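A.B. asks: Okay, so the sequence shown: first residue is 2 according to our numbering, each after it adds one.
Cβ atoms here follow ideal geometry from the backbone N, Cα and C, with glycine treated the same way.
Quick caveat: nothing in here was measured; it's all calculated off a predicted structure.
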Amino acid sequence: MNEMLMLLVVAYIFLAALLVLVLLYGRIPWLLKLLLVLITTGLYWVSYQGWKEVQGWPSEVELPTKFLLHASVIEEPSQETGTAGRIFIWASNLKGNKPAGEPRAYIIPYDREVHSSLQDALRNQRNGNVQIGVKERNKNLQNAAPVNVRQLGQIHEKLKFIELPDPALPEK
């Protein structure tokens, strides 16, 4: 991964040097030069945003409905710093009781109920019990109209954690 990062840095430096050469020695109108600088700057920003996703930064996409819990970090809300709190979950999507793809880091807003159930799940995991997370819709909100979760800062689903069942052994 480090070699790829270094290759990407070298490629960006080469492109920036190429742009400087075009700006200094090119006989093109200054408006086109300005447009080249703006496009190059925009592409650097877009690639940086995309690189964050590749590097494993937590994603704000929705958690899968059923997932295998690997780890979690809980940041409680703090009035001193003015933070609302966040919960980071490292999980793998489950399809047919098998992990579908590689683990991914997710970030969700802090919720006290999710915090307590997640702490119980992590405690069980430390005791050697693999935990499966399942999203459940709150019963009092099932009939409510769909609302943008990010705008209200509330979680409309609660997370329930269960132990991975023992595998069925084949008969002898």
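In terms of residue numbering, what span does the alpha helix (DSSP H) encompassing Glu-114 cover?
C.D. replies: First-last of the alpha helix (DSSP H) with Glu-114: 113-127.
A.B. asks: So the beta strand (DSSP E) Gln-132 belongs to, where does it begin and stop?
C.D. replies: Unbroken beta strand (DSSP E) run through Gln-132: 132-138.
A.B. asks: By how many angstroms is the C-alpha of Trp-46 removed from the C-alpha of Leu-37?
C.D. replies: Approximately 14 Å between the Cα atoms of the pair.
A.B. asks: Could you name the residues of the same chain whose beta carbon sits closer than 6 Å to that of Glu-137, not counting the 5 residues immediately before and after it, in chain order?
C.D. replies: Here the set comprises Lys-159 and Lys-161.
A.B. asks: Name the two residues that bound the continuous beta strand (DSSP E) containing Ala-92.
C.D. replies: Element bounds for Ala-92: 87-96.
A.B. asks: Is the segment 88-95 in contact with the segment 69-79, if contact means three or more CB pairs nearer than 8 Å?
C.D. replies: Touching, per the Cβ criterion.
A.B. asks: Take Gly-86 and list the residues in its own chain whose beta-carbon comes closer than 6 Å to its own, dropping the five residues that flank it on each side.
C.D. replies: For Gly-86, where only same-chain residues beyond five positions count, the Cβ hits under 6 Å are Glu-76, Glu-77, Pro-78 and Tyr-111.
A.B. asks: Mind checking Val-115: buried by the 16 CB within 10 Å criterion, or exposed?
C.D. replies: By the neighbour-count rule (16 or more Cβ atoms within 10 Å), Val-115 is buried.
A.B. asks: In chain order, what residues of the same chain have a beta carbon less than 6 Å from the beta carbon of Gly-134, not counting five sequence neighbours either side?
C.D. replies: Around Gly-134: Phe-68, Leu-70, Leu-160 and Phe-162.
A.B. asks: Bridge partners of Ile-14, per DSSP?
C.D. replies: Ile-14 pairs with nothing; no bridge assigned.
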